[in-house]
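Residue numbers (mature numbering (1 follows the signal peptide of the UniProt record, and there is no 0)): -21 to -1, 1 to 345. Positions of the beta carbon are idealized from the N, C-alpha and C atoms, including for glycine. Here's the structure, in structure tokens; my notes come after.
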């Protein structure tokens, strides 16, 4: 409850345009390419605290803190089954490297979520079940977090720490902090640890940072939108090689939140487990390429079609959509992450304060 109030305040500060319409798969044109990014499924807490009633890890979290739970596996199997139904028109039942590509952050829960999702997307074929193999083996690609510019730029981009520090020293952020002093004291008292401030407070900090500056938006989403733009334009120009139909990205709530915020369609709520954003390229009845962006935040509802600022229609003409992305994508990512005049500052390892900040941001924002 307290956290929802904080989020509401932050949404008011950020001036987001929130919209949604019902997602109609067929009315916007023939689907030719899908780029999907989702949050991992339900997981165990990342950390505990002294007065936690579920402190016994062996009883309550036998897989370990931060690990995907059986519920999380089921959530992603169901999401994968939803993708199978949605994309059956262009995605064969049997996996082929030329059809589908899967990328994940290098974190157990996202890798395991991708495995569960693929089990639903590519169910076992008849000849496999007769051999007692009940799934199709499908590769999941990843890179270590320090080099993951695509999905974990808060680690790979040195400027992130600097820009985030500016946000959390802003008068708006400090005002939110001051207004929630009593809440922090309450949480610290009942959790038994001031360090716990537990989940909601840190979540609020992440939300505020996501709603921070244009520079942070470009750092946190620019490389993903660059890859998305490349995929879309290559498909339109018949230069996509291999000529794939589906790109899948297994990531975290902060990834989805940042993407939605940058597109000005965030609804002010933390993306739930197994939520997903669908960027779909379609060919309409006039032989024109359009892009639809949908957000699926509940397994019981159809995806919500999002109306993007800068698009003349919910089915956004490809040129208009690429223009939106071009305003987000850094012209030179490396230079923006470490400007030349900063080089001396980043020759040494990160300071203790900045390392702690990054650790908190990542562990609680996933």
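- By the neighbour-count criterion, in which 16 or more other beta carbons inside 10 Å mark a residue as buried, residue 84 falls on the buried side.
- Secondary structure at residue 151: helix, using DSSP grouped into helix, strand and coil.
- For the pair residue 71 and residue 79, the Cα-to-Cα distance works out to about 10 Å.
- Distance between residue 170 and residue 39, taken at the CA atoms: about 18 Å.
- Exclusion of the five residues before and after residue 303 leaves 289 as the residues of its chain whose Cβ lies within less than 6 Å of its Cβ.
- In terms of Cβ geometry, residue 205 and residue 309 form a close pair [threshold 9 Å].
- From the listed residues 30, 50, 295, the smallest Cα separation to residue 21 is found for 50.
- Using a Cβ distance threshold of 9 Å, residue 52 and residue 95 count as a contacting pair.
- Between residue 199 and residue 139, the CB-CB gap stays under 9 Å.
- The alpha carbon of residue 247 has as its nearest neighbour, out of 269, 278, 235, 258, the alpha carbon of 235.
- Going by C-alpha positions, residue 143 is about 44 Å away from residue 266.
- Sixteen is the threshold: since fewer than 16 other Cβ atoms of the shown chains lie within 10 Å of the Cβ of residue 64, the residue is exposed.
- When secondary structure is reduced to three states using DSSP, residue 39 falls in the helix class.
- Secondary structure at residue 80: strand, using DSSP grouped into helix, strand and coil.
- Secondary structure of residue 55 (DSSP, three-state): helix.
- Counting C-beta pairs closer than 8 Å gives three or more between the segment 218 to 231 and the segment 8 to 20, which meets the contact rule.
- Between the segment 271 to 282 and the segment 237 to 254, the count of Cβ pairs shorter than 8 Å is three or higher; the stretches touch.
- Around the beta carbon of residue 43, fewer than 16 other beta carbons lie within 10 angstroms, which makes this residue exposed.
- Cβ neighbours of residue 120 within its own chain (closer than 6 Å, five residues either side excluded): 82.
- The Cβ-Cβ distance between residue 128 and residue 193 does not fall below 9 Å.
- Counting only the Cα atoms, residue 99 lies some 6 Å from residue 57.
- For residue 269, the uninterrupted beta strand (DSSP E) segment begins and ends at 268 to 275.
- Residue range 225 to 230 is occupied by the beta strand (DSSP E) that includes residue 225.
- In this structure, the CA atom of residue 243 is about 9 Å from the CA atom of residue 286.
- Residue 258 is bridged by DSSP to 14, 272.
- Cα atoms of residue 207 and residue 126: separation of roughly 19 Å, rounded to the nearest angstrom.
- With contacts defined as CB atoms closer than 9 Å, residue 97 and residue 260 fail to qualify as a contacting pair.
- With 16 or more neighbouring CB atoms inside 10 Å of its own CB, residue 268 falls in the buried class.
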